[in-house]
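A.B. asks:
Structural data, given as structure tokens:
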């Protein structure tokens, strides 16, 4: 009842009473009966360890003879007993021919487990200990707790699994399970008696006579339960702790000890770096990490880290940087009870990190929240007890920090962790990251900042900006050997040698004339030395080159490669066909049988995820890929080959080179990693400078990116009241990364002039107003944001387009066409993508001619006519001037509109002759921009009509699937293909996934690893807990007495505030 009805604090106690009849003994089966033997042994040991700190709750006396339930009706619509009654009714109404013994057993088991009646007669000490032992069996982090759901709400695949496990229970290692199984196979006349509940006999033939006789023997479950609960509640007896209470007691005590340890000046770090021992156990259990590297221990025990100073640390790729950050985050969440923000560069990495940390959140009692794409709540939910780990992209992290500053909660953020810190020097995204960190530094003196990267050079500038300590090491768990290949010769990179390289070997591979012509770089020879037993990555300059190289390799690979894990490769193609609505890329269809695939942005998210999973499990052994893979998800290889020292048409940078070769060598699998860079004689000198030269320095782009940089920064500074005067804004600028580098970056103007110019531009644009009071020119000149300015910074709108967006939305109010979604879709189509696109005019004309009258009306309102499109398609000159941006944006709107109608990227890709990966990027960008436009409209009363419309449209764009799949896709890491598999297997909701057994998922879902199954279940549990907690806190907020309630004195107000949390629904 504690899990099912957390708002009702009435409890049925486990009683110790003296009754002569043994019929009152309550039998409650534990989860141990449904677990494999090895799990039971491990968990029993864990349970005994936790019992040492767990103690029974004190007895609560109640001498009243009145009805302890009063007017409370336990059979209200949402109560627990109502669910039990509903279960009984469903059970009785089951058709006879469809009810087999397994289902009846599970139904009966569901009643017993969910009721949890534990009225016990004549408990001896040994029986008490045995009962605690059975109840304290711990779950696997990825497995559901017993009694969480009703039997009829479990998918059929789960029921079948538990039925099979029940039938094969003799094989389980738990002795008590064997004994109970033996009893269950006695004569059908022998019945186990429950507390006022009789278990139906389990006969192989469920006849009409049996049903009627059982119904006649049954009495009303309501009356008996209410009577039993009243009797239990009146009895004076200690309440025995359940397994959940034991776990929470132990964890609470360890966290309390850890808090004292982390606050004390002593060097004693407790069981695991000032964290509870359970954290160490979870790392062993979930990630297989039993011991930290020496450098990790050194870094975590630095005096600066223990004193919570800001820190930058740098190590080669695969050195284990993330683990240090995770331990520091857990210290902040558990010991210091503060929220944490982790900023990652890409959506895919955000989702991967959420999946891996959700299990920790479930077990240790904190929330893991996603802020990426269109996901994220602003401001975040204010939680009083559990803390939150926000995992965000660069853009969403900035919006989150703005929301916390505005709500006055920035001090609740104890730690900000930035991965790939070097990205602070990369264009507009770097400018946004710089703004985020500068605001945290300026507004919160208690928030610690940790930055990490594998490629940092001018660390001194970053240290000055972040006021941080620096730690570095050259440690790498697997040795990396670098090679260069020129013609047939392979050279080892050697910084000590005269030419920077030394001779290693000659390639010994027999090439036919045809092969020499097709493969002049000897790629076939290089990859066949590694695959299929080991993995290999081949980095190519362009997406098209990736596909060509993959096909070329497969033409000359031996047919023997087809036999390697053939069945699993067939499954990969089958799954690709499922996510592609029956279609598979012809190139992948030809290359996957050889264990080869290409990987670039032209693939859909579902395709990339499937291929990455197949590569990680060894089904695929070779990827031809672009440089984006090096900065994305972690897919290491024994050998990394760089096809050429170019990315597109640009020569390779050392930072990019280091990231690519850093993928070579897998810790725990390979003893060494190799990288081979292929080059021509003409590039030899430039390549030697590349591999032996220093890393590129990173420089601020705050001023270079005007509308997304300095102007956006000033607008938010004034809007959030961080700095409103010219002097304060100038002072803030001096503390930025740009301020640190101003002598290098500013040649013609001073920082003061740059600041004044940016503020004047914002004022002229109507986003700022000068305050009429005080000095209007000097340091004390104050500014305030206009309504348009406030909407722009809260919506995170690029200031280059904010006035255009306002005009478009204003014009839309004059004649918004709601007969179809086309008009709304046009309004949320990203401006920057429209500026980069070039329509296929024949496709444009074909789609235009198929519009309905209402849709043609939308085009007419925008000033785009069919005649104009027709002339462009036929190549005729067009005299009438039409806004090119509007035309391009409408074309992309057609793509999005078709996608929303069909939800099939493949068919839309063919219809518009666009790469399917580009279409998905367009969809993701539109969903994100739609969310921004929604926040923009929320700040302007005149656009009230758009609010409700854009909420639903944003949701459609975010998932773009059939409605029944959306609940499953809310779970992090579940994309369309996986959602279809889960839905077909009977998992229809988040509750289903949260209650699922990972082992069952493993058996019922194709191409799913055990790790992924556990991550899906953990992510679903986390999402479910977040939703439940949000509703619970909302209810408590409504029931809390207002502190400023008229008529209450100061003492009463204090008392009301202190007891507000005790108010509950009764």
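Numbering (my numbering), first residue to last: 37 to 1102.
All residues carry an ideal CB built from backbone N, CA and C; glycine is no exception.
For residue 587, which three-state DSSP category applies?
C.D. replies: To locate residue 587, count along the chain shown from 1; it is residue 551. Helix.
A.B. asks: Looking at the structure shown, is residue 403 part of a helix, part of a strand, or coil, going by DSSP?
C.D. replies: Numbered from 1 along the chain shown, position 367 holds the residue referred to as residue 403. Reduced to three states, the DSSP call for residue 403 is strand.
A.B. asks: Alpha helix (DSSP H) containing residue 755: first to last residue?
C.D. replies: As a first step, residue 755 is located in the chain shown; it is residue number 719 there, counting from the start. Run containing residue 755: 746–755, per the alpha helix (DSSP H) assignment.
A.B. asks: Say whether the region 392–409 touches the region 303–323, bearing in mind that this needs 3 or more beta-carbon pairs closer than 8 Å, one atom from each stretch.
C.D. replies: Yes, the region 392–409 is in contact with the region 303–323.
A.B. asks: In this structure, what does DSSP give as the bridge partners for residue 395?
C.D. replies: Taking the first residue of the chain shown as position 1, residue 395 is located at position 359. In the DSSP output, where bridge partners are listed per residue, residue 395 has none listed.
A.B. asks: If you check the beta carbons only, do residue 829 and residue 733 fall under 8 Å apart?
C.D. replies: Within the chain shown, the letter at position 793 stands for residue 829. Within the chain shown, the letter at position 697 stands for residue 733. For residue 829 and residue 733, no; Cβs fall outside 8 Å.
A.B. asks: Residue 1147 bridges to which residues according to DSSP?
C.D. replies: The structure shown has nothing for residue 1147, since the chain only spans 37 to 1102.
A.B. asks: Exposed or buried, residue 406, counting other C-beta atoms within 10 Å across all chains shown (16 or more means buried)?
C.D. replies: Here residue 406 refers to the residue found at position 370 when the chain shown is read from its first residue. Label assigned to residue 406: buried.
A.B. asks: Can we say the region 697–704 touches the region 591–602, given the rule of at least three CB pairs closer than 8 Å?
C.D. replies: Counting Cβ pairs under 8 Å, fewer than three are found: no touch.
A.B. asks: In its own chain, which residues sit with a C-beta less than 6 Å from the C-beta of residue 21, not counting the 5 before and 5 after it?
C.D. replies: Residue 21 falls outside the range modelled here, since the chain spans only 37 to 1102, and no answer is possible.
A.B. asks: Beta-carbon separation of residue 385 and residue 668 under 8 Å?
C.D. replies: The sequence position of residue 385 within the chain shown is 349, counting from 1. The sequence position of residue 668 within the chain shown is 632, counting from 1. Result yes, Cβ atoms of residue 385 and residue 668 sit closer than 8 Å.
A.B. asks: Find the nearest neighbour of residue 687 within the set 719, 666, 1005, judged by alpha-carbon distance.
C.D. replies: Walking along the chain shown from the start, residue 687 turns up at place 651. When only C-alpha atoms are compared, the closest one is 719.
A.B. asks: Considering Cα atoms alone, identify which of 933, 1005, 968, 966 is closest to residue 955.
C.D. replies: Locating residue 955 in the chain shown gives position 919, counting from the first residue. Ranking the options by Cα distance to residue 955, first place goes to 933.
A.B. asks: Under three-state DSSP, which class holds residue 1082?
C.D. replies: Here residue 1082 is taken as the residue at index 1046 of the chain shown, counted from 1. Coil.
A.B. asks: Just how far apart, CA to CA, sit residue 783 and residue 1011?
C.D. replies: Mapped onto the chain shown, residue 783 falls at position 747. Mapped onto the chain shown, residue 1011 falls at position 975. Near 49 Å, if we compare the C-alpha coordinates of residue 1011 and residue 783.
A.B. asks: Candidates 627, 333, 581: which alpha carbon is nearest residue 684's?
C.D. replies: Your numbering for residue 684 matches position 648 in the chain shown. Out of 627, 333, 581, 581 has the C-alpha closest to the C-alpha of residue 684.
A.B. asks: Mapping the DSSP letters down to three states, classify residue 569 as helix, strand or coil.
C.D. replies: Taking the first residue of the chain shown as position 1, residue 569 is located at position 533. Looking at residue 569 - three-state DSSP - the assignment turns out to be coil, as it is neither helix nor strand.
A.B. asks: Quick one: grab the DSSP three-state call for residue 451.
C.D. replies: Start at 1 with the first residue of the chain shown, and residue 451 comes out as number 415. Of the three classes helix, strand and coil, the one that applies to residue 451 here is strand, per DSSP.
A.B. asks: Tell me the rounded alpha-carbon separation between residue 804 and residue 976.
C.D. replies: Stepping through the chain shown from its first residue, residue 804 is reached at position 768. Stepping through the chain shown from its first residue, residue 976 is reached at position 940. Distance between the alpha carbons of residue 804 and residue 976 is about 16 Å.
A.B. asks: Specify the secondary structure class of residue 537 as computed by DSSP and reduced to three states.
C.D. replies: As a position in the chain shown, residue 537 is number 501, starting the count at 1. Reduced to three states, the DSSP call for residue 537 is strand.
A.B. asks: Helix, strand or coil for residue 424, going by three-state DSSP, please let me know.
C.D. replies: Indexing the chain shown from 1 puts residue 424 at position 388. It is a strand residue.
A.B. asks: Are the region 986–996 and the region 856–870 touching, with three or more C-beta to C-beta distances below 8 Å?
C.D. replies: Contact holds: three or more Cβ-Cβ distances are below 8 Å.
A.B. asks: If we ignore side chains and look at the alpha-carbon of each, how far apart do residue 1005 and residue 959 end up?
C.D. replies: What you label residue 1005 is simply residue 969 of the chain shown in a count that begins at 1. What you label residue 959 is simply residue 923 of the chain shown in a count that begins at 1. Cα to Cα, residue 1005 sits roughly 16 Å from residue 959.
A.B. asks: Would you list the residues sitting across from residue 485 in a DSSP beta bridge?
C.D. replies: Here residue 485 corresponds to residue number 449 of the chain shown, with the count starting at 1. Answer is 452.
A.B. asks: Is the separation between the beta-carbon of residue 836 and that of residue 743 shorter than 8 Å?
C.D. replies: Within the chain shown, numbered from 1, the residue matching residue 836 stands at position 800. Within the chain shown, numbered from 1, the residue matching residue 743 stands at position 707. In this structure, residue 743 lies closer than 8 Å to residue 836 by Cβ.
A.B. asks: In angstroms with no decimal places, state the Cα-to-Cα distance between residue 649 and residue 991.
C.D. replies: Numbered from its first residue, the chain shown carries residue 649 at position 613. Numbered from its first residue, the chain shown carries residue 991 at position 955. Roughly 27 Å separates the two Cα atoms.
A.B. asks: Whole angstroms are fine: how far does the CA of residue 676 sit from the CA of residue 957?
C.D. replies: Taking the chain shown and counting its residues from 1, the one referred to as residue 957 is at position 921. Taking the chain shown and counting its residues from 1, the one referred to as residue 676 is at position 640. Using only the alpha carbons, I get a separation of about 28 Å.
A.B. asks: Taking all protein chains shown into account, decide if residue 662 is buried (16 or more other Cβ within 10 angstroms of its Cβ) or exposed.
C.D. replies: Numbered from its first residue, the chain shown carries residue 662 at position 626. Residue 662 should be labelled buried.
A.B. asks: For residue 822, which residues in the same chain have their Cβ closer than 8 Å to its Cβ, ignoring the five residues on either side in sequence?
C.D. replies: Position 786 of the chain shown, counted from the start, is the residue given in the question as residue 822. Closer than 8 Å at the Cβ level, and outside the excluded window around residue 822, lie 802, 803, 804, 805.
A.B. asks: Three or more C-beta pairs closer than 8 Å, one from the region 370–380 and one from the region 1030–1040: is that the case here?
C.D. replies: Judged by Cβ distances under 8 Å, the region 370–380 makes no contact with the region 1030–1040, as fewer than three pairs qualify.
A.B. asks: With distances taken between CB atoms, is the gap from residue 936 to residue 973 smaller than 8 Å?
C.D. replies: The residue labelled residue 936 in the question sits at position 900 within the chain shown. The residue labelled residue 973 in the question sits at position 937 within the chain shown. Not in contact: residue 936 and residue 973 (Cβ atoms no closer than 8 Å).
A.B. asks: Just to confirm before moving on: does the CB-CB distance between residue 904 and residue 918 stay below 8 Å?
C.D. replies: As a position in the chain shown, residue 904 is number 868, starting the count at 1. As a position in the chain shown, residue 918 is number 882, starting the count at 1. Against a cut-off of 8 Å, the Cβ pair of residue 918 and residue 904 comes out as a contact.
A.B. asks: Can you have a look at residue 849 and say buried or exposed, based on whether 16 or more other CB atoms are within 10 angstroms of its CB?
C.D. replies: The residue you call residue 849 lines up with position 813 of the chain shown. With fewer than 16 other Cβ atoms within 10 Å, it is exposed.
A.B. asks: Exposed or buried, residue 878, counting other C-beta atoms within 10 Å across all chains shown (16 or more means buried)?
C.D. replies: The residue labelled residue 878 in the question sits at position 842 within the chain shown. Exposed is the call here.
A.B. asks: Are the CB atoms of residue 342 and residue 360 nearer to each other than 8 Å?
C.D. replies: Within the chain shown, the letter at position 306 stands for residue 342. Within the chain shown, the letter at position 324 stands for residue 360. No.
A.B. asks: Rounded to whole angstroms, what's the CA-CA distance from residue 423 to residue 402? Just pull it up for me.
C.D. replies: What you label residue 423 is simply residue 387 of the chain shown in a count that begins at 1. What you label residue 402 is simply residue 366 of the chain shown in a count that begins at 1. One C-alpha to the other measures close to 5 Å.
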